[in-house]
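Asks:
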């Protein structure tokens, strides 16, 4: 067996982030000449397209997704091929990341459209939702309330799953990019705007002291990403005014950008740059989709289906069966209590 020990220590030379050395222990017995050990050494960049060609699984050393196969699959077979193709034109890496972001947004637009349009329609029928809440205020009426809500969705032509399911499908892309940029050696020493090295953090100001969990550097790309996230959160919260929200959700939504500021300040400038332009395009998408939704058309659909008998879905049928069982159990318990009293 071969044992490898790796040490990391700060380098005295300030031009380097760290120095590393490895110790290889190769056991052998007797005459060294009779115990020949053949070894191959690779001295080169950890570039996925290069080391994967050796067919000895060296590409596994590149952290592309915490061992989660879906994230690795997205990076290996989608993001990396597109990135390599765009890099082949010799453009600045900042332009490559911009075009990559646009392509990702175009591919995900159908999912985003379903999600954002569903949310916009939900806001239109909010007055009707409020009436249902007033009609069924008690906890015991939860089943009837749920049935009324599902009936309202169906009459308005709204799929409640269309709001969250498409967003879940986009999540692997978001996390895959989080792993892709810090692991991309192609970004080493590649400058863009004020960033000298896109693979490391950008710093416009170095503070004379350390802020806990933040550091001493001030990353402008990270600040821009945080501001964009706050504006997007504000727009989202403004659109959700009047809707039923979980208590404390507003505070949590505004806390997230602040947490991201502390988390990503020392991350790759390319990653913060990608998140910033991605948020800008998301902001634009939400605005455009909001303009395409006609509130009156949604209300007209609701009115047209108001008196029509709606075919029950399988889910509604199961809910009604469950409600009947619960009612029978409640009635049985009530009878037993009455017998005990008498």
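In the working numbering, the protein residues as written are 1 to 342. Even for Gly, the Cβ is constructed at its ideal location relative to N, Cα and C. In this text, all values refer to a predicted model and were calculated from it rather than measured experimentally.
1) Kindly indicate which residue of 222, 151 and 254 has the alpha-carbon position closest to the one of residue 231.
2) According to DSSP, is residue 191 part of a helix, a strand, or is it coil?
3) Mind pulling the alpha helix (DSSP H) runs of 4 or more residues that sit fully within the region 228 to 282?
4) Checking 9 Å against the spacing of the C-beta atoms, do residue 118 and residue 159 come in under that value?
5) Please check if any C-beta of chain C sits within less than 9 Å of the C-beta of residue 86.
6) For a quick check, are the C-beta atoms of residue 149 and residue 173 less than 9 Å apart?
7) By DSSP's criteria, residue 206 is part of a beta bridge. Which residues make up the other side?
8) Keeping to the same chain, check which residues put their C-beta closer than 7 Å to that of residue 82; ignore five residues upstream and five downstream.
9) Have a look at 46, 269, 42 and 273 and flag the residue whose alpha-carbon is nearest the alpha-carbon of residue 186.
10) Going along the chain, which residues of its own chain have a beta-carbon closer than 7 Å to the beta-carbon of residue 202, five neighbours each way excluded?
11) Going by DSSP, which residues form a beta bridge with residue 211?
12) Just verifying my parser: in three-state terms, what is the DSSP assignment at residue 349?
13) I believe residue 44 touches residue 192 by the beta-carbon criterion, under 8 Å. Please report the beta-carbon distance rounded to the nearest angstrom.
14) Are the beta-carbon atoms belonging to residue 261 and residue 207 less than 9 Å from one another?
15) Tell whether a beta-carbon distance below 9 Å holds between residue 281 and residue 105.
16) Does DSSP put residue 39 in a helix, a strand or coil?
17) So residue 42 packs on residue 59, CB below 8 Å; how close in whole Å?
18) Do you know whose CA, among 229, 111, 91 and 97, lies nearest residue 79's CA?
19) DSSP state of residue 102, grouped into three classes?
20) Who are the near neighbours of residue 63 in its chain, counting only those whose CB is closer than 7 Å to its CB and skipping five residues on each side?
21) Below 8 Å on the Cβ atoms is my guess for residue 225 versus residue 276; work out the distance and round it to an integer in Å.
22) Output needed for residue 283: all residues of its chain with C-beta closer than 8 Å, excluding positions within five of it in sequence on either side, in chain order.
23) Does DSSP classify residue 181 as helix, strand or coil?
24) Closer than 7 Å by C-beta to residue 237: which residues in its own chain qualify, once you throw out the five before and the five after it? Chain order, please.
25) Within the same chain, show all residues whose beta-carbon is closer than 6 Å to that of residue 197, passing over the 5 residues directly before and after it, in chain order.
26) Between residue 116 and residue 92, what straight-line distance do the alpha-carbon atoms span, to the nearest angstrom?
27) Which value, in whole angstroms, describes the spacing of the CA atoms of residue 274 and residue 50?
28) Rounded to whole angstroms, what's the CA-CA distance from residue 257 to residue 271? Just pull it up for me.
29) Let me confirm a value: residue 121 is counted as buried when at least 16 other C-beta atoms fall within 10 Å, else exposed. Which label applies?
30) Using three-state DSSP, classify residue 11 as helix, strand or coil.
31) Going by C-alpha distance, which of 53, 70, 127 and 88 is nearest residue 152?
32) What number of angstroms, rounded off, separates the C-alpha of residue 214 from the C-alpha of residue 170?
Replies: On the basis of the data shown:
1) Among 222, 151 and 254, the Cα nearest to that of residue 231 is on 254.
2) DSSP places residue 191 in coil when its eight states are reduced to three.
3) The region 228 to 282 contains these whole alpha helix (DSSP H) runs: 249 to 264.
4) For residue 118 and residue 159, yes; Cβs fall inside 9 Å.
5) Among the protein chains of the structure shown there is no chain C, as only one such chain exists.
6) No, the pair does not count as a contact, with Cβ atoms beyond the cut-off.
7) For residue 206, the beta-bridge partners assigned by DSSP are 217.
8) Closer than 7 Å at Cβ, skipping near neighbours: 100 and 103.
9) When the alpha-carbon of residue 186 is set against those of 46, 269, 42 and 273, the nearest one is in 46.
10) Excluding residues within five positions, the ones whose Cβ falls inside 7 Å are 194, 195, 219, 220, 221 and 269.
11) Residue 211 pairs with 215.
12) Any answer about residue 349 is impossible in this case: the structure gives the chain only from 1 up to 342.
13) Contact doesn't hold; Cβ gap of about 24 Å is too wide.
14) No, they are not a contact pair.
15) Less than 9 Å separates the beta-carbon of residue 281 from that of residue 105.
16) Of the three classes helix, strand and coil, the one that applies to residue 39 here is coil, per DSSP.
17) Contact between residue 42 and residue 59 is absent: CB atoms are separated by about 12 Å, not below the 8 Å threshold.
18) Answer by Cα proximity: 97.
19) If DSSP states are grouped into helix, strand and coil, residue 102 belongs with the helices.
20) Taking residue 63 as the centre and dropping the five residues before and after it, the same chain places the C-beta of 179 and 183 closer than 7 Å to its C-beta, in chain order.
21) Rounded, the Cβ-Cβ distance is 4 Å, consistent with contact.
22) If you ignore the 5 residues before and after residue 283, its C-beta comes within less than 8 Å of the C-beta of 228, 231, 232 and 235, all in its own chain and listed in chain order.
23) Helix.
24) Excluding residues within five positions, the ones whose Cβ falls inside 7 Å are 250 and 253.
25) Excluding residues within five positions, the ones whose Cβ falls inside 6 Å are 189.
26) Approximately 33 Å between the Cα atoms of the pair.
27) In a straight line, the C-alpha of residue 274 is about 25 Å away from that of residue 50.
28) In a straight line, the C-alpha of residue 257 is about 15 Å away from that of residue 271.
29) Under a 10 Å Cβ-count criterion, residue 121 is classified as buried, with 16 or more other Cβ atoms of the shown protein chains found around its own Cβ.
30) Because residue 11 sits at a pLDDT of 47, beneath the cut-off of 50, its placement in the model cannot be relied upon, and the following sentence gives the value as read from the coordinates. Shown here, residue 11 sits in coil according to DSSP, grouped into three states, outside any helix or strand.
31) Comparing Cα positions, the closest option is 127.
32) Here the alpha carbons of residue 170 and residue 214 stand approximately 28 Å from one another.
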